[in-house]
Amino acid sequence: MPFYDPRDNRPLKLPMIFPGSPAVTQQQAAAIVASWFGSKAGWRGQQFPVYFNELPDRNAIVFATNDKRPDFLRDHPPVKAPTIEMIDNPNDPYVKLLVIFGRDDNDLLLAAKGIAQGNILFRGSSVTVDGIKTLQPRQPYDAPNWVRTDRSVTFAELKTYEQQLQSSGLVPDAITVALNLPPDLYLLRANGIDMDLKYRYTMPPVKDSSRMDISLNDQFLQSFSLKQLPGREQTDPAPAGAAGAAGRQIGGHHPRAASWGG
Numbered sequence: 001m002p003f004y005d006p007r008d009n010r011p012l013k014l015p016m017i018f019p020g021s022p023a024v025t026q027q028q029a030a031a032i033v034a035s036w037f038g039s040k041a042g043w044r045g046q047q048f049p050v051y052f053n054e055l056p057d058r059n060a061i062v063f064a065t066n067d068k069r070p071d072f073l074r075d076h077p078p079v080k081a082p083t084i085e086m087i088d089n090p091n092d093p094y095v096k097l098l099v100i101f102g103r104d105d106n107d108l109l110l111a112a113k114g115i116a117q118g119n120i121l122f123r124g125s126s127v128t129v130d131g132i133k134t135l136q137p138r139q140p141y142d143a144p145n146w147v148r149t150d151r152s153v154t155f156a157e158l159k160t161y162e163q164q165l166q167s168s169g170l171v172p173d174a175i176t177v178a179l180n181l182p183p184d185l186y187l188l189r190a191n192g193i194d195m196d197l198k199y200r201y202t203m204p205p206v207k208d209s210s211r212m213d214i215s216l217n218d219q220f221l222q223s224f225s226l227k228q229l230p231g232r233e234q235t236d237p238a239p240a241g242a243a244g245a246a247g248r249q250i251g252g253h254h255p256r257a258a259s260w261g262g
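Numbering (UniProt numbering), first residue to last: 1 to 262.
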């Protein structure tokens, strides 16, 4: 679909258009749609700039009801149910708009939930949302894209593709994994989160400054010399102050080691 391409490694930038300042229910609908697209974008990052009664020059999401709609949809016929429609941008036929249409704001919320549940199948340029599944309320901190906080988590669970935890070459690329934690996570009576790091590497042929650097949120934490024997294990606490960040990254980089895996 034109609004998200999994083969595109660039950050997702998907504008959202409202006829005016959105009411609370419209905001909820937009948040659901943004959350769904954000989960698809994942590590790429995402932005959802907001426009009021204005057309951007790129693919966008539009929220409209029979009574409140942007001017460029003034001639669109009224809908009789929650409707999702793909149309051309009036200013550029090569740019697409995904219009979430409803009789009222509650219809917009229903359509947004239909998108998030993944049961919307386009047969043509539009589809009507007849109903959605009733989902059980989620438990605290169990969002699918958040790291589990009730048990230890391995690096293998954090990787998103094969070979992500390996790097090789004279100057190998950094190994980076995303660590998404709840934004309100707070460590009580603790200085940090223990990280049991196991790594292996090819011994440098000569004595030099080969090392492995660990960073968190692009902030350097610690460096390990790669002059010892392979198989060394080390347990180090992550800084407590960074534990509350909702989106975090752990990266490892060793400038002159031949190979590294975890």
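All C-beta atoms, glycine included, are put in the ideal place defined by N, C-alpha and C.
If you check the CB distance, residue 70 and residue 62 come in under 8 Å. For residue 113, the enclosing alpha helix (DSSP H) has its first and last residue at 105-117.
Each residue's CA atom was taken as its position, placing residue 140 and residue 207 some 50 Å apart. Here DSSP, grouped into helix, strand and coil, assigns residue 44 to helix.
Around residue 36, the same chain offers 115, 116 as residues with beta carbons nearer than 7 Å, after the five sequence neighbours per side are excluded. Here the region 172-179 lies against the region 157-164, with 3 or more beta-carbon pairs under 8 Å apart.
For residue 101, the three-state secondary structure derived from DSSP is strand.
With fewer than three CB-CB distances shorter than 8 Å, the region 43-61 does not count as touching the region 131-145. The region 82-96 makes no contact with the region 35-54; the number of CB pairs closer than 8 Å stays below 3. Excluding residues up to 5 positions away in sequence, 11, 12, 13, 14 lie with their Cβ nearer than 8 Å to the Cβ of residue 47 in the same chain. Counting only the Cα atoms, residue 6 lies some 27 Å from residue 64. Around the beta-carbon of residue 112, 16 or more other beta-carbon atoms lie within 10 Å, marking it buried. Rounded to the nearest angstrom, the gap between the Cα atoms of residue 88 and residue 210 is 55 Å.
Sorting 124, 186, 199, 174 by C-alpha distance to the C-alpha of residue 149 places 186 at the top. Excluding residues up to 5 positions away in sequence, nothing lies with its Cβ nearer than 6 Å to the Cβ of residue 76 in the same chain. Ranked by Cα distance from residue 202, the options 221, 188, 226, 213 are led by 226.
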